[in-house]
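Some notes on the structure that comes next.
Number of protein chains: 2
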Amino acid sequence: MVRNEARRTALLDAAVDVLAEEGARGLTYRAIDVRAGVPAGTASNYFANRDELMVEVMARVHVRLMPSDESVAASLDLPRDRELTVKFMHDIIRRADADKACYLAMMELRLEATRRPEIRDALTRTIAENIEANVAFNEESALPGDRMTVVSLYFAMTGLIYERLTLPDVVAAMDLDELVEVLVDRAIGPD
Amino acid sequence: MVRNEARRTALLDAAVDVLAEEGARGLTYRAIDVRAGVPAGTASNYFANRDELMVEVMARVHVRLMPSDESVAASLDLPRDRELTVKFMHDIIRRADADKACYLAMMELRLEATRRPEIRDALTRTIAENIEANVAFNEESALPGDRMTVVSLYFAMTGLIYERLTLPDVVAAMDLDELVEVLVDRAIGPD
Numbered sequence: 001m002v003r004n005e006a007r008r009t010a011l012l013d014a015a016v017d018v019l020a021e022e023g024a025r026g027l028t029y030r031a032i033d034v035r036a037g038v039p040a041g042t043a044s045n046y047f048a049n050r051d052e053l054m055v056e057v058m059a060r061v062h063v064r065l066m067p068s069d070e071s072v073a074a075s076l077d078l079p080r081d082r083e084l085t086v087k088f089m090h091d092i093i094r095r096a097d098a099d100k101a102c103y104l105a106m107m108e109l110r111l112e113a114t115r116r117p118e119i120r121d122a123l124t125r126t127i128a129e130n131i132e133a134n135v136a137f138n139e140e141s142a143l144p145g146d147r148m149t150v151v152s153l154y155f156a157m158t159g160l161i162y163e164r165l166t167l168p169d170v171v172a173a174m175d176l177d178e179l180v181e182v183l184v185d186r187a188i189g190p191d
Numbered sequence: 001m002v003r004n005e006a007r008r009t010a011l012l013d014a015a016v017d018v019l020a021e022e023g024a025r026g027l028t029y030r031a032i033d034v035r036a037g038v039p040a041g042t043a044s045n046y047f048a049n050r051d052e053l054m055v056e057v058m059a060r061v062h063v064r065l066m067p068s069d070e071s072v073a074a075s076l077d078l079p080r081d082r083e084l085t086v087k088f089m090h091d092i093i094r095r096a097d098a099d100k101a102c103y104l105a106m107m108e109l110r111l112e113a114t115r116r117p118e119i120r121d122a123l124t125r126t127i128a129e130n131i132e133a134n135v136a137f138n139e140e141s142a143l144p145g146d147r148m149t150v151v152s153l154y155f156a157m158t159g160l161i162y163e164r165l166t167l168p169d170v171v172a173a174m175d176l177d178e179l180v181e182v183l184v185d186r187a188i189g190p191d
């Protein structure tokens, strides 16, 4: 396998676009090469097989959707109250809006996971670790709420972003600021 | 267009299976004919085009996932308290478990909706009407909570079912009964 990391990342970003636009069935080495503007045969030199490619795409999606360290550090200068949790939720929505292809690619990978056990195992680890990291972050940062606050918000935000990306007009009919306030308030629960 | 309703329903059910197993890209008239065990050319006699087919599949999915009138009537004989809301949530999860293909097909249709405006409009109407029907049901049945209880639970349950169907081991690591209790309690909020 070839080891040019910048080229590998460019191929993974091309794969994200192909997944988002064409769906999992459209994700071929040839489609990636075309999308990345590289000679035919390039992608097949970088990834041993399609399962490995998809697992690497998932890792790349995860990196692209993570907030920057600077952004997290700046947020943690603010009071550790429910308003900060509201801000974090809006940050997640903003990142999803700014990189729809990543979320759509992740949805395609999830559906592909129902058909391919190797992808399912890798995605399960990524998502489970992500939830645990969020629980630990909430506790270490002394943000309001408990473990179930984080888990409740994880599911509600998954549903909300999924809806916004696939059927935006359903959510456009709602007041997004009010919705996020209520989701956070209720997920935190009574003191 | 042919008007044998039983045959039409069988073709739509075959389309649900094809979507769940092969993805949106695999949904061809030929695949539906094969899946339904009917002569080649049958499906193309029932649906004017692929958009119309997908819109009809969505309507069929909606019918298959709805609770029976008897089930709802029996539930409404119970006290109208948070326990009943918990029961309704478990009913939704049970129906999703019993008919995974419907949910997976709906996910495929949602992703297809990001690419095809006609499907997006039809799905948007279906989902928006469904949320409003749930809000009205909650109020008319004097179930606990308010409009935002129903909306919060809609998003949380969407996220939860999506996760259970695509990455079941993420949710299997949690106590589902506790999770649903907490989601309902917090969505209802303080009295």
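Note that the protein sequences, when read in sequence, are chains A and B. If you're matching positions, the first sequence starts at 1 in my numbering and goes up one per residue. If you're matching positions, the second sequence starts at 1 in my numbering and goes up one per residue. All C-beta atoms in this analysis are idealised placements derived from N, C-alpha and C, irrespective of residue type, glycine included.
Exercise for the section: Would you check if there are 3 or more beta carbon pairs closer than 8 Å linking the stretch 95-109 of chain B to the stretch 15-28 of chain B? Expected result: Contact between the stretch 95-109 of chain B and the stretch 15-28 of chain B is present, with at least three C-beta pairs closer than 8 Å.
Exercise for the section: Check whether the Cβ atoms of residue 123 of chain A and residue 153 of chain A sit closer than 8 Å, and answer yes or no. Expected result: For the purposes of this step, residue 123 of chain A is taken as the residue at position 123 of the first sequence. For the purposes of this step, residue 153 of chain A is taken as the residue at position 153 of the first sequence. Cβ atoms of residue 123 of chain A and residue 153 of chain A: not closer than 8 Å.
Handout entry: Assigned exposure category for residue 89 of chain B - 16 Cβ within 10 Å defines buried
Key = Your numbering for residue 89 of chain B matches position 89 in the second sequence. By the neighbour-count criterion, in which a residue is buried when 16 or more other Cβ atoms sit within 10 angstroms of its Cβ, residue 89 of chain B is buried.
Exercise for the section: Say whether the stretch 160-176 of chain A touches the stretch 53-68 of chain B, bearing in mind that this needs 3 or more beta-carbon pairs closer than 8 Å, one atom from each stretch. Expected result: Touching, no.
Practice task
Identify whether residue 49 of chain A lies in helix, strand or coil by the three-state DSSP scheme.
Solution key: For the purposes of this step, residue 49 of chain A is taken as the residue at position 49 of the first sequence. In the structure shown, residue 49 of chain A sits in coil (DSSP, three-state: anything other than H, G, I, E or B).
Practice task
Could you check the C-alpha separation between residue 32 of chain B and residue 25 of chain A for me, to the nearest Å?
Solution key: Stepping through the second sequence from its first residue, residue 32 of chain B is reached at position 32. Stepping through the first sequence from its first residue, residue 25 of chain A is reached at position 25. A straight line joining the alpha-carbon of residue 32 of chain B with that of residue 25 of chain A spans about 17 Å.
Exercise for the section: Answer with yes or no whether the minimum CB distance from residue 92 of chain B to chain A is below 8 Å. Expected result: Along the second sequence, one-based indexing puts residue 92 of chain B at 92. It does not: the Cβ of residue 92 of chain B has no partner Cβ on chain A nearer than 8 Å.
Problem - Segment limits, alpha helix (DSSP H) that includes residue 138 of chain B - result: The count along the second sequence starts at 1 and reaches residue 138 of chain B at position 138. Following the DSSP letters along the chain, one finds residue 138 of chain B inside the alpha helix (DSSP H) bounded by residues 117-140.
Exercise for the section: Please compile the residues from chain A whose C-beta is within a distance smaller than 8 Å of the C-beta of residue 165 of chain B. Expected result: As a working mapping, residue 165 of chain B is identified with position 165 in the second sequence. Within chain A, the residues 114 have their CB atoms less than 8 Å from the CB of residue 165 of chain B, given in chain order.
Practice task
Check the Cβ-Cβ distances between residue 29 of chain B and every residue of chain A, and say whether any is below 8 Å.
Solution key: Within the second sequence, the letter at position 29 stands for residue 29 of chain B. No, its Cβ sits nowhere closer than 8 Å to a Cβ of chain A.
Exercise for the section: Look at residue 119 of chain B and residue 112 of chain B and say whether their C-beta atoms are less than 8 Å apart. Expected result: What you label residue 119 of chain B is simply residue 119 of the second sequence in a count that begins at 1. What you label residue 112 of chain B is simply residue 112 of the second sequence in a count that begins at 1. Yes. Within cutoff.
Practice task
Below 8 Å between beta carbons is the criterion; list the residues of the stretch 124-143 of chain B that meet it against any residue of chain A, in chain order.
Solution key: The stretch 124-143 of chain B vs chain A, Cβ under 8 Å: 124, 127, 128 and 131.
Problem - Proximal residues to residue 144 of chain A (C-beta, below 8 Å), its chain only, five neighbours per side dropped - result: Position 144 of the first sequence, counting from 1, holds the residue named residue 144 of chain A. Taken in chain order, the residues that qualify are 80, 81, 82, 85 and 188.
Practice task
Report the residue from A:55, A:69 and A:163 whose alpha carbon sits nearest the alpha carbon of residue 125 of chain B.
Solution key: As a position in the second sequence, residue 125 of chain B is number 125, starting the count at 1. The option with the nearest alpha carbon to residue 125 of chain B is A:163.
Practice task
Just mark residue 77 of chain A as buried or exposed, buried being the case when its beta carbon has 16 or more other beta carbons within 10 Å.
Solution key: Here residue 77 of chain A refers to the residue found at position 77 when the first sequence is read from its first residue. So residue 77 of chain A counts as exposed.
Exercise for the section: Would you mind stating whether residue 12 of chain A and residue 96 of chain A have Cβ atoms separated by less than 8 Å? Expected result: Start at 1 with the first residue of the first sequence, and residue 12 of chain A comes out as number 12. Start at 1 with the first residue of the first sequence, and residue 96 of chain A comes out as number 96. No, Cβ-Cβ distance for residue 12 of chain A and residue 96 of chain A is not below 8 Å.
Practice task
Give the residues from the stretch 93-107 of chain A that approach chain B closer than 7 Å (Cβ to any Cβ), ordered along the chain.
Solution key: Per Cβ criterion, the list reads 104 and 107.
Problem - Three-state secondary structure assigned by DSSP to residue 69 of chain B - result: To locate residue 69 of chain B, count along the second sequence from 1; it is residue 69. Reduced to three states, the DSSP call for residue 69 of chain B is helix.
Exercise for the section: Count the other CB atoms, across all protein chains shown, that sit within 10 Å of the CB of residue 37 of chain A; report buried if there are 16 or more and exposed otherwise. Expected result: Stepping through the first sequence from its first residue, residue 37 of chain A is reached at position 37. Residue 37 of chain A sits exposed, since fewer than 16 C-beta atoms from the chains shown fall within 10 Å of its C-beta.
Exercise for the section: Just tell me which of B:141, B:91 and B:27 has its CA closest to the CA of residue 54 of chain B. Expected result: As a working mapping, residue 54 of chain B is identified with position 54 in the second sequence. Between residue 54 of chain B and the set B:141, B:91 and B:27, the nearest pair of CA atoms involves B:27.
Handout entry: Closest residue to residue 5 of chain A among A:46, A:114 and A:35 (Cα-Cα distance)
Key = Counting from one through the first sequence, the residue named residue 5 of chain A turns up at place 5. Among A:46, A:114 and A:35, the Cα nearest to that of residue 5 of chain A belongs to A:46.
Handout entry: Closest by C-alpha distance to residue 116 of chain A, when choosing among B:167, B:98 and B:157
Key = Here residue 116 of chain A refers to the residue found at position 116 of the first sequence. Residue nearest to residue 116 of chain A within the set B:167, B:98 and B:157 is B:167 (criterion: CA-CA distance).
Exercise for the section: Select from the stretch 35-46 of chain A all residues with a C-beta closer than 9 Å to any C-beta belonging to chain B, and list them in chain order. Expected result: Under the 9 Å Cβ criterion, the stretch 35-46 of chain A contributes no residue.
Practice task
Tell me whether the beta-carbon of residue 29 of chain B lies closer than 8 Å to the beta-carbon of residue 14 of chain B.
Solution key: The sequence position of residue 29 of chain B within the second sequence is 29, counting from 1. The sequence position of residue 14 of chain B within the second sequence is 14, counting from 1. Contact flag unset, no.
Practice task
Please confirm if residue 110 of chain A has its CB atom under 8 Å from at least one CB of chain B.
Solution key: In the first sequence, residue 110 of chain A corresponds to position 110, counting from 1. Output row for residue 110 of chain A: interface = yes.
Exercise for the section: Specify the secondary structure class of residue 168 of chain A as computed by DSSP and reduced to three states. Expected result: As a working note, residue 168 of chain A is residue 168 in the first sequence. Residue 168 of chain A: helix per DSSP, three-state reduction.
Problem - Proximity below 8 Å, CB of residue 156 of chain B to CB of residue 156 of chain A - result: Taking the first residue of the second sequence as 1, we reach residue 156 of chain B at position 156. Taking the first residue of the first sequence as 1, we reach residue 156 of chain A at position 156. In contact: residue 156 of chain B and residue 156 of chain A (Cβ atoms closer than 8 Å).
Exercise for the section: Would you mind telling me which residues of chain B sit closer than 9 Å to residue 158 of chain A, beta carbon to beta carbon, in chain order? Expected result: The residue labelled residue 158 of chain A in the question sits at position 158 within the first sequence. 155, 156, 158, 159, 160, 162 and 163, listed in chain order.
Practice task
Specify the secondary structure class of residue 33 of chain B as computed by DSSP and reduced to three states.
Solution key: By one-based count along the second sequence, residue 33 of chain B stands at place 33. If DSSP states are grouped into helix, strand and coil, residue 33 of chain B belongs with the helices.
Exercise for the section: Can you pull the chain B residues whose beta carbon is under 9 Å from the beta carbon of residue 179 of chain A, in chain order? Expected result: Against the first sequence, residue 179 of chain A aligns to sequence position 179. Ordered by position in chain B, the residues that pass the 9 Å Cβ test against residue 179 of chain A are 148, 151, 152 and 155.
Practice task
Check whether the Cβ of residue 170 of chain B lies closer than 8 Å to any Cβ atom in chain A.
Solution key: In the second sequence, residue 170 of chain B corresponds to position 170, counting from 1. Yes, because at least one Cβ of chain A sits closer than 8 Å to the Cβ of residue 170 of chain B.
Handout entry: Closest residue to residue 195 of chain B among B:185, B:92 and B:114 (Cα-Cα distance)
Key = No answer is possible for residue 195 of chain B: the residues shown for chain B start at 1 and end at 191.
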